[in-house]
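Asks: In the working numbering, the protein residues as written are 47 to 220.
First the structure, then my questions, so here it is.
Encoded structure:
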């Protein structure tokens, strides 16, 4: 694929174990650059959507791709797609992050969070205490808690949410 494929924008980059670079694009899907060649995976190839918003390499070497239409996982060259049919709170995946215990957390726009752990997908939504359905900007703190932008800075630890104002009292966690 030519550089023109990147003209609509790049949203995230990650390098896999083999040294390939995975590039999340606004309109050309997920692109893998390896050995001087670029391969693009788009909706026409089975990707949940060609608008890719986030990408993550987990500790097992899988590549997780969050799109405007779902979540895709590349594992040993096979592709698995996750959508609301598999328990995602919404199909638009804005961010993906891995926690120290191997869980993969997914921020779904207008839906909430989802936790992938040992083959199970668990939605985490407003009825579970999530402050609102627009969680984003995921970060894992030193104690393993999940931090996100959701009605301010929100911490998720031990299945409980705590939202902090701008008073700086959360700094002890970092």
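Glycine is no exception: its CB is placed at the ideal position from the N, C-alpha and C atoms.
Can you find a CB in chain C that lies within less than 8 Å of the CB of residue 70?
Replies: Within the model displayed, chain C is absent; a lone protein chain is all it includes.
Asks: For residue 187, which of 146, 166, 109, 136 has the nearest alpha-carbon?
Replies: One-based indexing of the chain shown puts residue 187 at position 141. Residue 187 has its Cα closest to that of 146, out of 146, 166, 109, 136.
Asks: How would you write the range of the beta strand (DSSP E) that residue 128 sits in, first residue to last?
Replies: Walking along the chain shown from the start, residue 128 turns up at place 82. It spans 124 to 128 - the beta strand (DSSP E) in which residue 128 sits, taken as one unbroken run.
Asks: Which runs of the beta strand (DSSP E) fall wholly inside the stretch 103 to 162 and span at least 3 residues, in chain order?
Replies: Counting only runs of 3 or more, we get 109 to 113, 116 to 121, 124 to 128, 139 to 144, 150 to 154.
Asks: Roughly how many whole angstroms lie between the Cα atoms of residue 55 and residue 68?
Replies: As a first step, residue 55 is located in the chain shown; it is residue number 9 there, counting from the start. As a first step, residue 68 is located in the chain shown; it is residue number 22 there, counting from the start. Straight-line Cα distance between these residues: approximately 14 Å.
Asks: Could you have a look at residue 173 and say whether DSSP puts it in helix, strand or coil?
Replies: The residue you call residue 173 lines up with position 127 of the chain shown. Three-state DSSP puts residue 173 in a helix.
Asks: Determine the contact status of residue 127 and residue 137, defining contact as a CB-CB distance below 8 Å.
Replies: Position 81 of the chain shown holds residue 127. Position 91 of the chain shown holds residue 137. Taking 8 Å as the Cβ cut-off, residue 127 and residue 137 do not qualify as a contacting pair.
Asks: Should residue 150 be counted as a contact of the ligand MG given a C-beta to heavy atom distance under 7 Å?
Replies: This structure lacks the ligand MG, and indeed carries no ligand of any kind.
Asks: Over what stretch of residues does the beta strand (DSSP E) that includes residue 57 continue unbroken?
Replies: Taking the chain shown and counting its residues from 1, the one referred to as residue 57 is at position 11. Per DSSP, residue 57 belongs to the beta strand (DSSP E) from 56 to 61.
Asks: Using the Cβ count rule (16 or more neighbours within 10 Å means buried), how would you classify residue 116?
Replies: By one-based count along the chain shown, residue 116 stands at place 70. It counts as buried.
Asks: Using DSSP bridges, identify the partner residues of residue 84.
Replies: Position 38 of the chain shown, counted from the start, is the residue given in the question as residue 84. 79.
Asks: What is the residue span of the beta strand (DSSP E) that residue 71 lies within?
Replies: The residue labelled residue 71 in the question sits at position 25 within the chain shown. Run containing residue 71: 67 to 71, per the beta strand (DSSP E) assignment.
Asks: What does DSSP give as the partner residues of residue 166 in its beta bridges?
Replies: In the chain shown, the residue the question calls residue 166 occupies position 120. DSSP lists 163 as partners of residue 166.
Asks: Please state if the CB of residue 172 and the CB of residue 158 are separated by a distance shorter than 8 Å.
Replies: Taking the first residue of the chain shown as 1, we reach residue 158 at position 112. Taking the first residue of the chain shown as 1, we reach residue 172 at position 126. Yes, they are a contact pair.
Asks: Candidates 141, 80, 164, 76: which alpha carbon is nearest residue 92's?
Replies: Within the chain shown, residue 92 is the residue found at index 46, counting from 1. Ranking the options by Cα distance to residue 92, first place goes to 76.
Asks: Please state if the CB of residue 112 and the CB of residue 152 are separated by a distance shorter than 8 Å.
Replies: As a working note, residue 152 is residue 106 in the chain shown. As a working note, residue 112 is residue 66 in the chain shown. Yes, the pair counts as a contact, with Cβ atoms nearer than the cut-off.
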